[in-house]
Amino acid sequence: AIQRGVETMEKMLSTEDAVRMGGSPAATFVCLAMALEEKPKLGPGAVRCYEKALEHIPAREGKGGNWERIVILQQIGAVCLRQKRHREALRWLGECASAGAKAAGHPRDAVLFEGTFNTKQTRSEFLSMVEKMRAKTCMEMGDEAAAREHVREAQRVEAAATGDAVERHAVESTARGGAGAGAGRAAAAEPARDLVK
1 AIQRGVETME KMLSTEDAVR MGGSPAATFV CLAMALEEKP KLGPGAVRCY
51 EKALEHIPAR EGKGGNWERI VILQQIGAVC LRQKRHREAL RWLGECASAG
101 AKAAGHPRDA VLFEGTFNTK QTRSEFLSMV EKMRAKTCME MGDEAAAREH
151 VREAQRVEAA ATGDAVERHA VESTARGGAG AGAGRAAAAE PARDLVK
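Under full-length UniProt numbering, the first residue of the sequence shown carries the number 1, and numbering increases by one thereafter.
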């Protein structure tokens, strides 16, 4: 039923009249998905609408990514996480992290879905949030080691954005297993669940 509804909506949004009126199928599917997200039992419908929105946004491989696409990947991962669809959440969030690492600029500076969606996040804040979501997913799956890795990556991204050269060096050194690794190990000794929102 969800698939039929999404296909019907796509036909309506893709007509010549809809295109002439300036409608964006991707923006409309995102708005519909956001509305469906608010209802716990309609999560699968939200995921399908987000997936359909992705079909209307080019991947732009090699060109630094597309913040609209990256935000949708994060949204799908978040819905899957709330629905306890952990493997799917990890897949979508992993794709999001990979694309976000290649993206130029900040999501806060992008016009997302014709202005219907916005974020105040910088690139680093966004990527850190995605890593925390990946950590939470791993914790819920019982994989504490993977969760700790994602927490460390979130911390690395946050520290790199602070501009504090000493902290940045310690975090980078920890990532390489170097001299500053002791502090990183101490932070890593904390349970990952305490560091994930």
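Yeah, the Cβ is synthetic: ideal placement off N, Cα and C, and Gly gets one too.
The residue from PHE113, LYS102, ARG108, ARG87 with its alpha-carbon nearest to that of THR119 is ARG108. The beta-carbon distance between LEU93 and ARG134, rounded to whole angstroms, is 5 Å. This is short enough to meet the 8 Å contact definition. Counting the other Cβ atoms within 10 Å of the Cβ of ARG87 gives fewer than 16, which makes it exposed. Excluding its 5 nearest sequence neighbours in each direction, SER24 has C-beta neighbours in its own chain below 6 Å: GLU114, listed in chain order. The C-beta separation of ALA89 from THR137 comes to about 5 Å, placing the pair in contact by the 8 Å criterion.
Judged by DSSP secondary structure, VAL111 falls outside any alpha helix (DSSP H); it is assigned neither H nor E.
Close CB contacts of GLY77 within its chain, under the 7 Å cut and outside five residues either way in sequence, are with ALA89, TRP92, LEU93, CYS96, MET133 (chain order). The distance from the Cβ of ARG82 to that of GLY45 is about 13 Å, inconsistent with a contact at the 8 Å cut-off. The beta carbon of GLU158 sits closer than 7 Å to the beta carbons of SER124, SER128 from its chain, once the five residues preceding and following it are set aside; these are given in chain order.
As a beta-bridge residue in DSSP terms, PHE117 pairs with LEU112.
Between the alpha carbons of ARG148 and GLU140 lies a distance of about 13 Å.
For the options VAL79, CYS80, LYS84, ALA53, the alpha carbon positioned closest to that of ARG69 is the one of ALA53. Here DSSP, grouped into helix, strand and coil, assigns GLN74 to helix. Its chain contains no residue whose beta carbon lies nearer than 7 Å to that of GLU55 once the 5 sequence neighbours on both sides are disregarded. Distances from the CA of GLN75 to each of ALA110, MET34, ALA161, ILE57 were compared; the closest alpha carbon is that of MET34. Pairing VAL47 with PHE117 gives a Cβ-Cβ distance that is not under 8 Å.
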